[in-house]
């Protein structure tokens with residue numbers, strides 16, 4: 001008995017495959033001969049033949065008895081290809097419509113673990129079409145460097161804010177170039193914004209939990225944070241308040257002086273989280 005499983009993969013039932021395969025092999029047969037040679041029961045064979053005739057895979061030659069011949073296999077394959085292509089195109093249109101209907105429903109997805117974060121970050125950077133904005137530290141940047149450089153080579157604009165020294169050709173970098181930043185901050189947050197509409201943000205810690213979303217409000221908040229950091233950086237640079245290779249203490253003093261000048265209280269800027277963190281460390285150290 002021949003194995004016609006390859007026809008089943010094209011949408012034939014088991015019995016349809018047996019009948020069509022038998023006709024391809026023997027060319028023209030009547031119903032009795034088809035049943036005998038294919039192994040399909042005589043009680044079923046005419047039902048199967050009629051289905052194949054309806055599909056256009058078998059041609060009936062009217063007579064006493066009726067004879068049957070197969071559609072040439074080249075024509076059958078071409079017909080199946082055309083039908084599949086038409087069905088795929090239809091499915092693509094319908095799925096696109098379904099996806100568009102829920103386009104405004106943007107969830108925040110937690111990503112737990114450094115390995116998963118890195119994989120997601122690389123995928124997002126590789127998908128960028130126009131612009132990437134980052135607030136990042138040197139160590140995680142180096143993990144993503146090749147992806148960022150590839151994006152630049154594709155013509156994607158890259159903007160980087162960092163407290164450390166990061167050098168990358170073709171990117172616009174805003175940096176304080178602080179030389180002892182490792183113990184300066186109570187957290188180390190990384191923010192990646194792709195084409196102004198998607199972000200990945202999180203802080204290093206015991207669990208390394210990051211959030212990925214296209215939610216407009218969250219993306220806007222992340223963008224605003226980078227913009228404000230760049231604003232502070234350019235203001236400090238214009239006022240010549242810090243030199244290249246400055247220390248963490250120099251940075252804190254510059255922030256404190258600016259806050260006093262403009263009447264900014266401890267609760268009005270995230271940089272005072274850093275300032276208070278350092279002040280508390282100093283006070284605790286004195287108590288010991």
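In UniProt numbering, the protein residues as written are 1 to 288. The C-beta atom is built at its ideal place from N, Cα and C for all residues, glycine as well.
Taking a contact to mean a Cβ-Cβ separation below 8 Å, would you say residue i touches residue j in this structure?
i, j, result
"residue 19", "residue 40", "yes"
"residue 27", "residue 69", "yes"
"residue 151", "residue 132", "yes"
"residue 61", "residue 45", "no"
"residue 4", "residue 21", "yes"
"residue 134", "residue 192", "yes"
"residue 156", "residue 119", "no"
"residue 171", "residue 178", "no"
Of all the options the options, which has the alpha carbon lying nearest to the alpha carbon of residue i?
i, options, result
"residue 80", "60, 172, 55, 94", "55"
"residue 249", "10, 176, 234, 51", "176"
"residue 255", "4, 229, 244", "229"
"residue 158", "235, 136, 164", "136"
"residue 112", "211, 10, 234", "211"
"residue 168", "178, 148, 13", "148"
"residue 195", "128, 78, 188, 187", "128"
Got a sec, what are the start and stop residues for the beta strand (DSSP E) residue i sits in?
i, result
"residue 198", "198 to 203"
"residue 27", "Per DSSP, residue 27 belongs to no beta strand (DSSP E) and is neither H nor E."
"residue 213", "209 to 213"
"residue 173", "172 to 175"
"residue 158", "157 to 162"
"residue 193", "189 to 194"
Along the alpha helix (DSSP H) that carries residue i, what are the first and last residues, could you check?
i, result
"residue 70", "Taken as a continuous stretch (DSSP letters only), residue 70 belongs to no alpha helix (DSSP H), being part of the beta strand (DSSP E) at 67 to 70."
"residue 139", "138 to 153"
"residue 118", "114 to 127"
"residue 134", "Note, residue 134: premise wrong, no alpha helix (DSSP H); beta strand (DSSP E) at 131 to 135."
Taking contact to mean at least 3 C-beta pairs separated by less than 8 Å, is the segment 175 to 184 in contact with the segment 115 to 128?
Three or more beta-carbon pairs separated by less than 8 Å are not found between the segment 175 to 184 and the segment 115 to 128, which leaves the two stretches without contact.
Is it a yes or a no for the segment 221 to 236 touching the segment 190 to 206, going by three-plus beta-carbon pairs under 8 Å?
Enough Cβ pairs lie closer than 8 Å, so yes.
Fully enclosed by the segment 33 to 77, which beta strand (DSSP E) runs are 3 residues long or longer?
Fully enclosed beta strand (DSSP E) runs of 3 or longer: 58 to 61, 67 to 70.
Count Cβ pairs between the segment 234 to 250 and the segment 211 to 218 that sit closer than 8 Å; are there 3 or more?
Touching, no.
Output the residue ranges of the beta strand (DSSP E) runs that lie fully inside the segment 209 to 263 and measure 3 residues or longer, sorted by chain position.
Runs of the beta strand (DSSP E) spanning 3 or more residues and lying entirely within the segment 209 to 263 occur at 209 to 213, in chain order.
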